[in-house]
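Counted the way UniProt numbering counts, the sequence shown spans residues 1 to 133.
Don't be surprised by glycine CBs; every beta carbon is placed ideally from N, CA and C.
Notes for the one structure printed next.
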Amino acid sequence: MLSTSTFTTSDFDVTDYVPDVTTALPTGHLRMRKTYAGDVVGRSVTQFTSAFDQTTGVGTYVAMESFEGAVAGRHGAFNFVHAASTSGADRADEYGLIVPGSGTDELTGIAGTVRLHIDDDGTHRMDFDHNLG
Numbered sequence: 001m002l003s004t005s006t007f008t009t010s011d012f013d014v015t016d017y018v019p020d021v022t023t024a025l026p027t028g029h030l031r032m033r034k035t036y037a038g039d040v041v042g043r044s045v046t047q048f049t050s051a052f053d054q055t056t057g058v059g060t061y062v063a064m065e066s067f068e069g070a071v072a073g074r075h076g077a078f079n080f081v082h083a084a085s086t087s088g089a090d091r092a093d094e095y096g097l098i099v100p101g102s103g104t105d106e107l108t109g110i111a112g113t114v115r116l117h118i119d120d121d122g123t124h125r126m127d128f129d130h131n132l133g
């Protein structure tokens, strides 16, 4: 079953973590909150890590989200992960997964994939292709 939602972000907390290995791309870590609306309703706390060059727009991110709310009318919490790379003007090598075994309450047993979309107007959407019916 496919459930689609939009989300907004807030409360960005850039951490001071800096790895002791230097690469060609600067790395960073932050925490943020998201609010979801649509077929998926609720909130998440996101751990966001990236290797990204602001000047060229080249890089990769990995995000782990802890979500609490409702999917397909069922309430609970679960984790999901998503990642993607960019060469500056694209989105490639996308990955997204609901973390197995992470669901609680009415979302116990939830499984599937997630996919982030960004509309031309900047609206952020997350698709959850899951096993809840």
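Proximity below 7 Å, CB of residue i to CB of residue j
i: Thr90; j: Leu2; result: Strictly speaking, residue 90 in this sequence is Asp, with Thr absent from that position. It is not a contact, given that the beta carbons lie outside the stated cut-off.
i: Ile110; j: Ile118; result: no
i: Phe78; j: Leu107; result: yes
i: Gly28; j: Ser50; result: yes
i: Gly42; j: Phe7; result: no
i: Asp105; j: Gly76; result: yes
i: His82; j: Gly96; result: yes
Residue nearest to residue i in terms of C-alpha spacing, selected from the options
i: Phe48; options: Val40, Ala37, Met32, Asp39; result: Met32
i: Pro100; options: Asp20, Thr15, Asn131, Phe12; result: Asn131
i: Tyr17; options: Leu25, Gly122, Leu30, Ser10; result: Leu30
i: Gly88; options: Thr15, Gly122, Asp39, Val58; result: Val58
i: Thr35; options: Asp53, Thr60, Leu25, Glu65; result: Glu65
With 16 other Cβ atoms within 10 Å as the buried cut-off, status of residue i
i: Thr55; result: exposed
i: Phe12; result: exposed
i: Gly103; result: buried
i: Val14; result: exposed
i: Ser10; result: exposed
i: Gly73; result: exposed
Continuous beta strand (DSSP E) stretch holding residue i: start and end
i: Tyr61; result: 58–71
i: Asp129; result: 124–130
i: Glu47; result: At residue 47 the sequence reads Gln, which differs from the Glu that was named. Start and end: 40–53.
i: Asp11; result: 2–14
Same chain, Cβ closer than 7 Å to residue i, neighbours up to 5 away in sequence not counted
i: Thr23; result: Ala51
6 Å CB neighbourhood of residue i in its chain, flanking five on each side removed
i: Asp39; result: Ser3, Thr4, Ser5
i: Arg115; result: Gly96, Asp127
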